[in-house]
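Residue numbers for the sequence shown follow the working numbering, beginning at 137 and rising by one. A short write-up of the structure that comes next.
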Amino acid sequence: MKKYELIQALIEAGAVSVIRAENKAQGLKIVEAVRAGGITAIEITMTVPHADEIIRELSEVFGADVLLGAGTVLDAETARACILAGAQYIVGPSFDEGCAHLCNRYAVPYIPGVMTPQEAVRALEFGADILKLFPAELFGPKIISAFKGPLPQGTYMPTGGITAENAAEWIKAGAAVLGIGGALTKGAKTGDFESVTRTARQLKEAVTAARRI
């Protein structure tokens, strides 16, 4: 999939499931549960033990059935390892110049975290494809219009505090795609993967409905 096609596919997906797990086995079960609920954009964070192995296995098992990315990527070395393992896009909690250069070199979408206009402008100057507004829960949906005023050219993915209940508000406020983690996967902590699937389905339905308005 070409870079521009992947960016469009992420936006069309509506939500990226940010997966943090205690181990590889749990991580794989969460991915299965999320997919069953209709969310196919998956971000495996580097805080998960053996995250690169999970990315490689998911890439081999699911192939084009998922949009597979690596999250919490802090440096170019980690980004390169993730890309080699099969990550199709790279997400960071903050902007890193080395990551931007590397992702541009290999035509891989880079989604850095920003929370000020200055950070957003710098990320755009280095070719960031989507801007991750993080931590979004500190500001609420109005932060989207606050950024879009001076920076309408940006494509925004709020992450942090997103739930199935407030997803529609974020979409209506102008979010292109949502990053959702704990609110989606919390059931996995007690082995309740069915609740993960239900929440994923509710989130997907909320995003779809909001986009029709």
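In this text, a Cβ means the ideal position worked out from N, Cα and C, and glycines have one as well. Nothing here was measured: the structure is a model prediction, and the numbers come from that model.
Given this structure, state the Cα-to-Cα distance separating F198 from R334, to the nearest angstrom. Spanning the two alpha carbons is a distance of roughly 21 Å.
Please list the terminal residues of the continuous alpha helix (DSSP H) segment that includes P294. For P294, no alpha helix (DSSP H) run applies; the uninterrupted beta strand (DSSP E) run containing it begins and ends at Y292 to P294, by DSSP.
Please classify K268: does DSSP put it in a helix, a strand, or coil? Note: K268 maps to strand in three-state DSSP.
Use the C-beta contact count for L220: other C-beta atoms within 10 angstroms, 16 or more gives buried, fewer gives exposed. Under the 10 Å beta carbon count, L220 is surrounded by fewer than 16 other beta carbons and is classified as exposed.
Cα separation between L314 and E141? When rounded, the distance between both Cα atoms is 18 Å.
So what does I178 bridge to, in DSSP terms? Bridge partners of I178: S153 and L204.
Who are the Cβ neighbours of C239 in its own chain at under 6 Å, not counting the five residues just before and after it? Sequence-distant partners of C239 (beyond 5 residues in either direction) whose C-beta falls short of 6 Å from its own C-beta, in its chain, are I226 and Y246.
Which runs of the alpha helix (DSSP H) at least 4 residues long sit entirely within the segment 291-334? Give them in chain order. Listed in chain order, the complete alpha helix (DSSP H) runs (minimum 4 residues) inside the segment 291-334 are 303-308 and 318-321.
Determine the DSSP secondary structure at V227, reduced to helix, strand or coil. V227: strand per DSSP, three-state reduction.
Below 8 Å, how does it come out for the segment 199-207 and the segment 230-239: are there three or more Cβ pairs, yes or no? Taking 8 Å as the limit for Cβ pairs, the verdict is that the segment 230-239 does not touch the segment 199-207.
Helix, strand or coil: how does DSSP classify G276 here? Three-state result, G276: coil.
I191 bridges to which residues according to DSSP? According to DSSP, which records beta bridges pairwise, I191 is partnered with nothing at all.
Coarse secondary structure for I219, derived from DSSP in three states: In the three-state DSSP reduction, I219 falls in the helix class (H, G or I).
For V184, which three-state DSSP category applies? Residue state, collapsed to three classes: coil.
Of all the options G163, A151, M137 and A172, which has the alpha carbon lying nearest to the alpha carbon of R192? For the residues G163, A151, M137 and A172, the minimum Cα distance to R192 belongs to G163.
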